[in-house]
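Right, one structure below, let's go through it.
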Amino acid sequence: MEIDVQVEGKALVACVRGRVDTVSAAAFEKGLAYALSREEKWLVFDLSGLEYISSAGLRVFLTTARKLKAKGGDIRLAAAQGSVKKVFQVSGFFTLFKHLDTKEAALATI
Amino acid sequence: MEIDVQVEGKALVACVRGRVDTVSAAAFEKGLAYALSREEKWLVFDLSGLEYISSAGLRVFLTTARKLKAKGGDIRLAAAQGSVKKVFQVSGFFTLFKHLDTKEAALATI
Amino acid sequence: MQRSDPPGGAVFIELPARLENLQAFIAPVLAVARALPLGEERCSNLELALEESLVNICNYAYPDRDGTVRISSRPEQDRLIVGIEDNGIAFSLVEAAVPDLSVDLPDRKIGGLGVHLVRSLMDEVRYRREADRNLLELVLFFHDAEVST
Amino acid sequence: MQRSDPPGGAVFIELPARLENLQAFIAPVLAVARALPLGEERCSNLELALEESLVNICNYAYPDRDGTVRISSRPEQDRLIVGIEDNGIAFSLVEAAVPDLSVDLPDRKIGGLGVHLVRSLMDEVRYRREADRNLLELVLFFHDAEVST
Ligand SMILES: Nc1ncnc2c1ncn2[C@@H]1O[C@H](COP(=O)(O)OP(=O)(O)O)[C@@H](O)[C@H]1O
Ligand SMILES: Nc1ncnc2c1ncn2[C@@H]1O[C@H](COP(=O)(O)OP(=O)(O)O)[C@@H](O)[C@H]1O
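Protein chains in written order, with our numbering: chain A, 22 to 131; chain B, 22 to 131; chain C, 1202 to 1350; chain D, 1202 to 1350.
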């Protein structure tokens, strides 16, 4: 799992790559702590490089979204691929969160 | 497997960390190409961070030493630990090459 | 290479039910699956279903003692069956309640996705309690486009 | 946790003899070994012996066709036995020649260390050819300081 967070306008973009599983979910959550400590309240997840996610990782999206909603913001999902996209969909994440094909499209919805 | 090579006086020091197995031996060899392309003909392997080595990795030490000997130099081994040290010893490497407890001691023999 | 043997794959592993053993359980079963006409996406679904069910056994099946898990896997004619057994507390992954996924974020349960994912991503999930053992079976049918006969 | 079950470990895996399956063979056997009174250094020796013998089967046992390897592992009273089986060309790891390790670098053979390491690091190595199969057994006795009885 690799994550890097960058400011793009009034939002943050978190680019997540590799595997977020039971073992690496804690590192994923830690990697987001910086994003949550900032004043931006919108966070776009660029998932184009995410290869695998399990429920321990999905949980982090839910808790992160709750924290940002409490500030008046939210998360957006972008560019989930293949089996990862299927997992998000089956988990109902595409009704909870907007999912766009690209990071740019996701940023444009904010 | 991680390797970094630095110049120390008239020798090079290659610090090898992690695992050198059948799969990563090729990357190990590639990481040494830079060292072999330089004019220094002495190479000290700092093995303090090496956790595992299999015969595919041992082979790289032998071929590297041959190349340096052809230039009038050699390799030195330093700081092999635990089961890795056992593997070098059983393979006869401590009669082929000088092994010292520290990188500094190995550099002092050149 | 002149000809191919049948892919040949079978796994039986019993190990302590501990998270540090996750990959030791999952990697061989996935290697069996990858040699079968399932396709990469369904192999990835299987990996996820294995992780979720094994993690739950490690976390919940043995609340007050150590215990083991057995995993076994072998292709049948038209399907891969993976058996997962433990002798922890009775738990039916087939009947367990799953969270309501239609509610909005404030009311949405944070947990409970693991069981839901296993049931959604496998073609068939069977459970029975036999003596003091939980016997779970995950089934994937071969019906990938790449089937080679 | 109130009490410990016996460590409980057993492995049987058959997979195509391919380097990409190395970890799928090795990880479960190592997990069995790590739950036994062998100590970390001897577990690492076992990892190496498994890698060397499996890599050789992948590289040499099936020169002109695909084939499989079976690995099985189970603790007996005072030892861990790991069986490695293939039906490739006959090869006795016990009798194979090993390079002369006393000669100096110019004369030293570059290969041949794998067989030598397996024989040096295991407590016992047994080989027999049965029908068209190679049956190799690697044995480690429990005699680590941490033995708990
Ligand atoms: N093997 C098991 N043994 C006992 N209880 C279990 C087992 N697996 C799951 N459970 C119960 O089912 C619940 C839902 O599991 P799951 O869907 O994986 O979500 P989570 O683990 O995030 O709660 C768990 O919280 C636990 O109470
Ligand atoms: N399973 C096997 N089947 C056939 N030949 C083998 C097998 N294992 C090893 N050999 C032969 O024994 C030789 C020595 O093997 P090894 O000590 O691992 O060194 P290397 O693979 O570096 O040559 C190999 O080169 C090969 O010719």
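Think of the CB as a built atom: it goes at the ideal place given N, C-alpha and C, for glycine as much as any other residue. Only a predicted model underlies this, so the values are computations on that prediction, with no experimental measurement involved.
Under a criterion of Cβ atoms nearer than 9 Å, no residue of chain D is adjacent to residue 98 (chain B); the nearest Cβ is some 13 Å distant. Residues of chain D whose Cβ lies closer than 8 Å to the Cβ of residue 80 (chain B) are, in chain order, 1311, 1312, 1314.
Within the same chain, Cβ atoms closer than 7 Å to the Cβ of residue 74 (chain A) are found at 41, 105, 108, the five residues on either side in sequence being excluded.
The continuous alpha helix (DSSP H) containing residue 1241 (chain C) extends over residues 1241-1257. Proximity of chain B to residue 1256 (chain D) at the Cβ level (cut-off 7 Å) is accounted for by 43, in chain order. Under the DSSP assignment, residue 87 (chain A) falls in the alpha helix (DSSP H) whose first and last residues are 76-91. Contact between the region 1279-1296 of chain C and the region 1258-1265 of chain C is established, with three or more Cβ pairs separated by less than 8 Å. With a threshold of 8 Å, the Cβ atom of residue 1313 (chain D) counts as near ligand 2, since some heavy atom of the ligand is closer than that. Residue 28 (chain B) is not a Cβ neighbour of residue 49 (chain B), given a cutoff of 9 Å.
Two segments are said to touch when three or more pairs of C-beta atoms, one from each, lie closer than 8 Å; by this definition the region 1301-1314 of chain C does not touch the region 1271-1283 of chain C.
DSSP places residue 1229 (chain D) in the uninterrupted alpha helix (DSSP H) bounded by 1223-1235. Taking the beta carbon of residue 69 (chain B) as reference, no residue of chain D falls within 8 Å; the closest one sits roughly 16 Å away. Of the heavy atoms belonging to ligand 1, at least one sits nearer than 8 Å to the Cβ of residue 1290 (chain C). Scanning its chain for C-beta atoms nearer than 7 Å, with the 5 sequence neighbours on each side dropped, one finds around residue 1219 (chain C) the residues 1259, in chain order. About 7 Å separates the beta carbons of residue 1250 (chain C) and residue 1318 (chain C), which is inside the 8 Å limit, making them a contact pair. Residue 67 (chain A) and residue 1215 (chain C) have their C-alpha atoms some 39 Å from each other. For residue 1214 (chain D), the C-beta contacts it makes with chain C under 9 Å involve 1210, 1211, 1212, 1213, 1214, 1229, 1232, 1233, in order along the chain. For residue 49 (chain A), the enclosing alpha helix (DSSP H) covers residues 46-58. Counting along the chain, no alpha helix (DSSP H) covers residue 1278 (chain C), and no H or E run does either.
Contact of residue 1339 (chain D) with chain B is not assigned, every C-beta pair being separated by 9 Å or more.
Around the beta carbon of residue 1252 (chain C), 16 or more other beta carbons sit within 10 angstroms, so the residue counts as buried. Restricting attention to A:52, A:77, A:72, A:30, the CA atom closest to the CA of residue 60 (chain A) is found in A:30. Rounded to the nearest whole angstrom, the CA to CA distance from residue 46 (chain B) to residue 33 (chain B) is 20 Å. For residue 125 (chain A), no beta strand (DSSP E) segment is defined; the enclosing uninterrupted segment is the alpha helix (DSSP H) at 124-129. For residue 1254 (chain D), the closest of D:1335, D:1304, D:1233, D:1344 by C-alpha to C-alpha distance is D:1335. Taking C-beta separations shorter than 7 Å and ignoring five residues to either side along the sequence, the partners of residue 1217 (chain C) in its chain run 1267, 1269, following chain order.
Here DSSP, grouped into helix, strand and coil, assigns residue 1335 (chain D) to strand. Distances between the C-beta of residue 1317 (chain D) and the heavy atoms of ligand 2 include at least one below 8 Å.
DSSP places residue 1289 (chain C) outside any beta strand (DSSP E), giving it a letter other than H or E.
Annotation for residue 1253 (chain D) indicates a beta carbon within 8 Å of some heavy atom of ligand 2. Taking 8 Å as the cut-off, one finds at least one heavy atom of ligand 2 near enough to the beta carbon of residue 1261 (chain D).
One thing to note: residue 97 (chain A) has its Cβ no nearer than 9 Å to the Cβ of residue 53 (chain A). Proximity of chain D to residue 1236 (chain C) at the Cβ level (cut-off 7 Å) is accounted for by 1217, in chain order. Residues of the region 39-66 of chain B with a Cβ closer than 8 Å to any Cβ of chain D, in chain order: 42, 43, 44.
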